[in-house]
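Colleague:
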Amino acid sequence: MTLDKYLKPTTNSLVRFLLVGIVNTIIGLTFMFFLLNVVGSSYWTSTFAGNAIGACVSFLLNRTFTFKSNVSFYRGLPRFFALLFICYFSAYFCSEKLVELGSQFVLLSTSIKEGVSVLLGSTLYTIANYLGQKYFVFKNLKTA
């Protein structure tokens, strides 16, 4: 049985995208902690590999489950990884600058500013990543 059987066909792609995010986070973190604590890999090796595995799971599930896309791996993978890179840097850069701007009016500790920036950045990243995957990476090709 697939998850499709449990979700109504009308469930929108944003809900599916968020579910995929939960799944790929669990898989990526599990892999990270396995490498770190069982295999004895370094922090950087473990986190890089875990995030890479999570990204691959995300690509596969979003392509088939979230967006039901016919985009080829050859076309989709480079776009997907370029989008992740662009979304990451732009979202966290903007969130940091917005929090800096806002902190001119409200006195906040550095740790609070960083925490707010991370939460805002995560939100911006998720929104931009969803829109980019929907309209750029996994937009179905027109067939004749």
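Residue 128 in numbering that gives the first Met the number 0 sits at position 129 of the sequence shown; the count goes up by one each step and never skips.
The beta carbon of each residue, even a glycine, is placed where N, CA and C say it ideally should be.
Since this is a predicted model, take the numbers as computed values, not measurements.
Could you tell me which whole beta strand (DSSP E) segments of length 3 or greater appear in the stretch 38-100?
Modeller: As far as the stretch 38-100 is concerned, it has no whole beta strand (DSSP E) run of at least 3 residues.
Colleague: Compute the beta-carbon to beta-carbon distance between Gly120 and Ser94, rounded to the nearest angstrom, for a pair I have assumed lies under 8 Å.
Modeller: Counting from 1 along the sequence shown, the entry for residue 120 is found at position 121. Counting from 1 along the sequence shown, the entry for residue 94 is found at position 95. Contact flag correct, Cβ pair sits at about 4 Å.
Colleague: Whole angstroms is fine: what's the gap from Leu60's alpha carbon to Ala54's?
Modeller: The count along the sequence shown starts at 1 and reaches residue 60 at position 61. The count along the sequence shown starts at 1 and reaches residue 54 at position 55. Each residue's Cα considered, the two are about 10 Å apart.
Colleague: How would you write the range of the alpha helix (DSSP H) that Lys112 sits in, first residue to last?
Modeller: In the sequence shown, counting from the first residue as 1, residue 112 sits at position 113. Unbroken alpha helix (DSSP H) run through Lys112: 109-131.
Colleague: If you draw a straight line from the alpha carbon of Val115 to that of Val98, how long is it in whole angstroms?
Modeller: Along the sequence shown, one-based indexing puts residue 115 at 116. Along the sequence shown, one-based indexing puts residue 98 at 99. Distance between the alpha carbons of Val115 and Val98: 7 Å.
Colleague: If you follow the alpha helix (DSSP H) that Asn23 is in, where does it begin and where does it stop?
Modeller: Your numbering for residue 23 matches position 24 in the sequence shown. Asn23: member of the alpha helix (DSSP H) spanning 12-32, first to last residue.
Colleague: Would a C-beta distance cut-off of 8 Å place Phe79 and Val136 closer than the cut-off?
Modeller: Looking up residue 79 in the sequence shown gives position 80. Looking up residue 136 in the sequence shown gives position 137. A contact, by the Cβ cut-off of 8 Å.
Colleague: Could you have a look at Asn139 and say whether DSSP puts it in helix, strand or coil?
Modeller: Within the sequence shown, numbered from 1, the residue matching residue 139 stands at position 140. Correct three-state label for Asn139: coil.
Colleague: Between Thr65 and Arg15, how many whole angstroms is the CB-CB distance? I'm expecting something under 8 Å.
Modeller: Numbered from 1 along the sequence shown, position 66 holds the residue referred to as residue 65. Numbered from 1 along the sequence shown, position 16 holds the residue referred to as residue 15. Contact between Thr65 and Arg15 holds, since their C-beta atoms are separated by about 4 Å, short of 8 Å.
Colleague: Quick one: using the 10 Å Cβ neighbour count with 16 as the cut-off for buried, is Leu34 buried or exposed?
Modeller: Translated into the one-based positions of the sequence shown, residue 34 becomes position 35. Classified as buried, Leu34 has 16 or more neighbouring CB atoms from the shown chains inside 10 Å of its CB.
Colleague: Ser89 and Ala127: beta carbons closer than 8 Å?
Modeller: Within the sequence shown, numbered from 1, the residue matching residue 89 stands at position 90. Within the sequence shown, numbered from 1, the residue matching residue 127 stands at position 128. Taking 8 Å as the Cβ cut-off, Ser89 and Ala127 qualify as a contacting pair.
Colleague: Quick one: what does DSSP say Leu35 is sitting in, helix, strand or coil?
Modeller: Position 36 of the sequence shown, counted from the start, is the residue given in the question as residue 35. In this structure, Leu35 counts as helix in the three-state DSSP scheme.
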